[in-house]
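Residues in the sequence shown are numbered from 1 upward in steps of one, following the UniProt record's numbering.
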Amino acid sequence: MDDIPDLVTDLTEVSPVLSKSNNKESQTQPEIKKESQGQDRLHFIGNYGIADPAPVAKMFWLDEGLSSNVYIDGVVTVVDSENIIKCLDDVGGHWHTENNHLKTAQSSDKDELTEEEIKDEHQKLQEGITTAHLQIALADSILINKVDKLEKKGDYENKLSQIENRIRSINNTSPMHPTSFGDIDLEKILDLKAFDSEGVKFSQSLNILENSVYHDDRITTITVTCEFFHDLESFRKVESFLQYILWENTVNGKEVEIHRTKGIMVCGSHIKVIQGVRETYDIIDAKQLAPGIDENKFVFIGKNLTHDDLKAELFRFLE
Numbered sequence: 001m002d003d004i005p006d007l008v009t010d011l012t013e014v015s016p017v018l019s020k021s022n023n024k025e026s027q028t029q030p031e032i033k034k035e036s037q038g039q040d041r042l043h044f045i046g047n048y049g050i051a052d053p054a055p056v057a058k059m060f061w062l063d064e065g066l067s068s069n070v071y072i073d074g075v076v077t078v079v080d081s082e083n084i085i086k087c088l089d090d091v092g093g094h095w096h097t098e099n100n101h102l103k104t105a106q107s108s109d110k111d112e113l114t115e116e117e118i119k120d121e122h123q124k125l126q127e128g129i130t131t132a133h134l135q136i137a138l139a140d141s142i143l144i145n146k147v148d149k150l151e152k153k154g155d156y157e158n159k160l161s162q163i164e165n166r167i168r169s170i171n172n173t174s175p176m177h178p179t180s181f182g183d184i185d186l187e188k189i190l191d192l193k194a195f196d197s198e199g200v201k202f203s204q205s206l207n208i209l210e211n212s213v214y215h216d217d218r219i220t221t222i223t224v225t226c227e228f229f230h231d232l233e234s235f236r237k238v239e240s241f242l243q244y245i246l247w248e249n250t251v252n253g254k255e256v257e258i259h260r261t262k263g264i265m266v267c268g269s270h271i272k273v274i275q276g277v278r279e280t281y282d283i284i285d286a287k288q289l290a291p292g293i294d295e296n297k298f299v300f301i302g303k304n305l306t307h308d309d310l311k312a313e314l315f316r317f318l319e
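Dropping the structure here:
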């Protein structure tokens, strides 16, 4: 990886501003393709502060599916170790308001914000769901930054453990890495292959820790398993199940929000990998089964999810 700096492009200046009223999203891909000029390059797209990474992830992931030369490696979320717990605990938006972490405070152009966006942010804060919840939910690698400040305050191990437990209660699939001053081994944030159907790291992300010390009922990770299928028709039934829960936002008669979906299912020699971001999903053929996968596994990260409800809904479609 010694030559990585020569193959890196920082696209912060053309990073999509996540608003429907401008067209910066459409400007980003041409810029990436122009910078690449026939060689493999790494492009970093920075969504800072209150930005939701989902539109960016979907944009490049779908483009890759259409045989583009652009490939999304993964989403890296950086959290501030000093403030992350206060942020996640902010039911009602008081901390966000006092610290100017609202869209109306951070947007460079207030005219770009729609009433719907402002209303949606306010509603989520009243429910205790912050942008930090969404950024953590969609992360494929999580950096816990500024841990040096925790060390200065004492009781470092306990404070770091509290942060890790809170993050794990939301996203139980992605690795966490404590950092200071952004100093991180590049192998922990590059070559993630988070959307690669053949990737070992993707398979590892399905083998999540089932238990978390702290349970956050707002956004959490749920895994549902079942035995390998005996007929190919089951693949179609699972797709119908995904379409229902992702598009209708309903599981077992209850309203939900699913932010990240991933899974693997097998029938004989046929292997299918599931990838989803919000309402967008794809089912991809895989050539081989990673070691340790001995049953169908479906992982969901979202709001108001329970194992019993998801399992009941899945088996309703499999009947």
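Think of the CB as a built atom: it goes at the ideal place given N, C-alpha and C, for glycine as much as any other residue.
Residue burial classification, residue i (beta-carbon count within 10 angstroms, cutoff 16)
{"i": "N158", "result": "exposed"}
{"i": "P53", "result": "buried"}
{"i": "S161", "result": "exposed"}
{"i": "D308", "result": "exposed"}
{"i": "Q243", "result": "exposed"}
{"i": "D185", "result": "exposed"}
{"i": "E257", "result": "buried"}
{"i": "N23", "result": "With a pLDDT of only 37 at N23, under 50, the local geometry of the prediction cannot be trusted, and the value read off the model is given with reservation. Classification for N23: exposed."}
{"i": "S169", "result": "buried"}
{"i": "K272", "result": "buried"}
{"i": "G302", "result": "buried"}
{"i": "D155", "result": "exposed"}
{"i": "S269", "result": "exposed"}
{"i": "G292", "result": "exposed"}
{"i": "F315", "result": "exposed"}
Residue range of the unbroken beta strand (DSSP E) whose run includes residue i
{"i": "D148", "result": "No beta strand (DSSP E) holds D148; the alpha helix (DSSP H) holding it covers V147 to K153."}
{"i": "T220", "result": "I219 to C226"}
{"i": "H177", "result": "M176 to P178"}
{"i": "T77", "result": "V76 to D80"}
CA-to-CA distance, residue j to residue i, given in whole angstroms
{"i": "K297", "j": "I85", "result": "30 Å"}
{"i": "D285", "j": "G74", "result": "19 Å"}
{"i": "F317", "j": "K287", "result": "26 Å"}
{"i": "Q232", "j": "D140", "result": "First, the amino acid is wrong: residue 232 is Leu here, not Gln. Cα to Cα, the separation comes out at about 30 Å."}
{"i": "V78", "j": "I142", "result": "6 Å"}
{"i": "V299", "j": "R236", "result": "18 Å"}
{"i": "V76", "j": "K311", "result": "30 Å"}
{"i": "R278", "j": "R260", "result": "6 Å"}
{"i": "E151", "j": "P175", "result": "21 Å"}
{"i": "I245", "j": "H133", "result": "20 Å"}
{"i": "V266", "j": "D294", "result": "9 Å"}
{"i": "Q135", "j": "S81", "result": "15 Å"}
{"i": "S240", "j": "H230", "result": "18 Å"}
{"i": "G182", "j": "F44", "result": "15 Å"}
{"i": "N165", "j": "N83", "result": "15 Å"}
{"i": "D148", "j": "I283", "result": "42 Å"}
Nearest-angstrom beta carbon gap, residue j and residue i [assumed within contact, 8 Å]
{"i": "T306", "j": "I222", "result": "7 Å"}
{"i": "T130", "j": "L88", "result": "6 Å"}
{"i": "N249", "j": "E313", "result": "12 Å between Cβ atoms; not a contact."}
{"i": "N171", "j": "A137", "result": "6 Å"}
{"i": "I264", "j": "L192", "result": "That belief does not hold up - the Cβ atoms of I264 and L192 are roughly 17 Å apart, past 8 Å."}
Segment limits, alpha helix (DSSP H) that includes residue i
{"i": "V238", "result": "E233 to W247"}
{"i": "E164", "result": "Y156 to I170"}
{"i": "A132", "result": "T131 to A137"}
{"i": "K86", "result": "I84 to L88"}
| said: Threshold first: 3 residues or longer. Then list the beta strand (DSSP E) segments lying entirely within the UniProt domain "CobW C-terminal" (253–317), N to C. | reply: 257–267, 270–277, 280–286 and 296–303
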